[in-house]
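Have a look at the structure below, then the notes.
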Amino acid sequence: MAQRDDAAVFEAARPTLLGLAYRILGSRAEAEDAVQDTYLKWQAADRGAIDNPASWLTTLCTRRCIDLLRSARHARVDYVGTWLPEPVETPADLDPGEKLSLASSLQTAFLLVLERLAPKERAAYLLHEIFDVPYPEVATALGLQEAACRKLVSRARANIAQSKARHATPLDRQERLLAAFQAAVASGGTGDLAALLSDDIELCADGGGKVPTVLHTLRGKAEVLDFVGRALHDYWRPYTWSTTDINGTRGVVLRKGGAVEACVSFAYDERGAATNIYIVRNPDKLARLGG
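Just remember that the numbering used here sits 4 ahead of the position in the sequence shown, which is counted from 1.
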């Protein structure tokens, strides 16, 4: 009975642990590894001596993620082309409040801002601001004094606020952009799409050095629209498009012969103009999409 109860405790915590790990690491595969490592240590622990299982599991998972993040950062120095977070499909059947909350902390633009933070700064911000962990528990998880944790969160909060990466874009605006993007790829005509892009629009693609894609970030309407209207028009016309929610915002999964070939998502400014187009083509990061 005790084993069954312990298993239930872990399963109840699993979604939170996975959500935290993914946001720290930017990789669903690495997040699952971190959660599995946490589970194995939970199984081996003297669980009867653990007063607060949820806090214990969060602490262990956070520390494992920080270790993995430090290793990943060394690997990303040699990454071929642009590194983007692994895209994840998000539930479409949430109520509006849940969707807003989820989208604001899962958007690719937000995860890329987190990438600029030091590992403990990132973890402290996520624990306190996204997962509502009290400062004393954040301090325990990170092995720091509470005052130091408060400084980490304050600094991270300022950086994230400056980036303006956490805001919601109306769904009809997202769908309008996606329709214009798909029409531009299909026809080669980019007039309707151009009207929905910010002047400083950027497009980047992550192929991981495993498939052909643009290796540098394209900047400005002229460069981005030329790429969409010519290169993507030539390459992507045979693909099948499936609209879905990617990291909390409307995006698309593209298939050829049933196999997922690419994923596209977007970021927006506070006026609703698209500021970024994110294309993931690295097959390792597409393996869990469109299942």
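Positions of the beta carbon are idealized from the N, C-alpha and C atoms, including for glycine.
Helix, strand or coil for residue i per DSSP?
i      : result
Tyr26  : helix
Asn286 : coil
Arg159 : helix
Tyr43  : helix
Asp210 : strand
Ala16  : helix
Ala278 : strand
Val137 : coil
Lys168 : coil
Gln177 : The identity of residue 177 in the sequence shown is Arg, whereas the question assumes Gln. Note: Arg177 maps to helix in three-state DSSP.
Gly147 : coil
Thr112 : helix
Asp10  : helix
Asp37  : helix
Val117 : helix
Ala49  : coil
Arg241 : coil
Could you tell me which of the options sits nearest to residue i, measuring between CA atoms?
i      : options                        : result
Lys289 : Glu90, Ala48, Ala226           : Glu90
Cys65  : Ala209, Ser167, Thr144, Glu119 : Thr144
Gly23  : Leu200, Val92, Ala199          : Val92
Tyr83  : Ala209, Val13, His237          : Ala209
Gly193 : Leu148, His237, Gly213         : His237
Val218 : Glu119, Lys124, Asn286, Leu44  : Asn286
Ala113 : Leu130, Ser269, Ala291, Arg292 : Ser269
Ala76  : Glu119, Pro138, Lys168         : Glu119
Val284 : Asp249, Leu222, Val215         : Val215
Thr94  : Ala33, Glu150, Asn251, Thr221  : Asn251
Mind reading off the beta-carbon distance from residue i to residue j? Whole number of angstroms is fine, and I expect it under 8 Å.
i      : j      : result
Gln111 : Thr253 : 6 Å
Ile281 : Leu207 : 4 Å
Asp196 : Ala187 : 6 Å
Ile28  : Leu88  : No, Ile28 and Leu88 are not in contact; Cβ-Cβ is about 16 Å, not under 8 Å.
Cys153 : Ala183 : Rounded, the Cβ-Cβ distance is 45 Å, inconsistent with contact.
Quiz item: Should the region 230 to 244 be regarded as contacting the region 257 to 267, the criterion being three or more beta carbon pairs within less than 8 Å?
Solution: With three or more CB-CB distances shorter than 8 Å, the region 230 to 244 counts as touching the region 257 to 267.
Quiz item: Below 8 Å, can you find three or more Cβ-Cβ pairs linking the region 166 to 184 to the region 272 to 289?
Solution: Segment contact: the region 166 to 184 against the region 272 to 289, three or more CB-CB distances shorter than 8 Å; contact assigned.
Quiz prompt | Validate contact between the region 148 to 165 and the region 216 to 233 using beta carbons, cut 8 Å, 3 pairs | solution = At 8 Å Cβ cutoff, the stretches do not touch.
Exercise. Just list the beta strand (DSSP E) runs in the region 69 to 94, keeping only unbroken ones of 3 residues or longer that don't cross its boundaries, in chain order.
Key: Fully enclosed beta strand (DSSP E) runs of 3 or longer: not present.
Quiz item: So, do the region 16 to 33 and the region 54 to 63 have three or more beta carbon pairs nearer to each other than 8 Å?
Solution: Judged by Cβ distances under 8 Å, the region 16 to 33 makes contact with the region 54 to 63, as three or more pairs qualify.
Quiz item: Does the count of Cβ pairs from the region 68 to 77 and the region 120 to 130 closer than 8 Å reach three?
Solution: With the cut-off at 8 Å, the region 68 to 77 and the region 120 to 130 touch.
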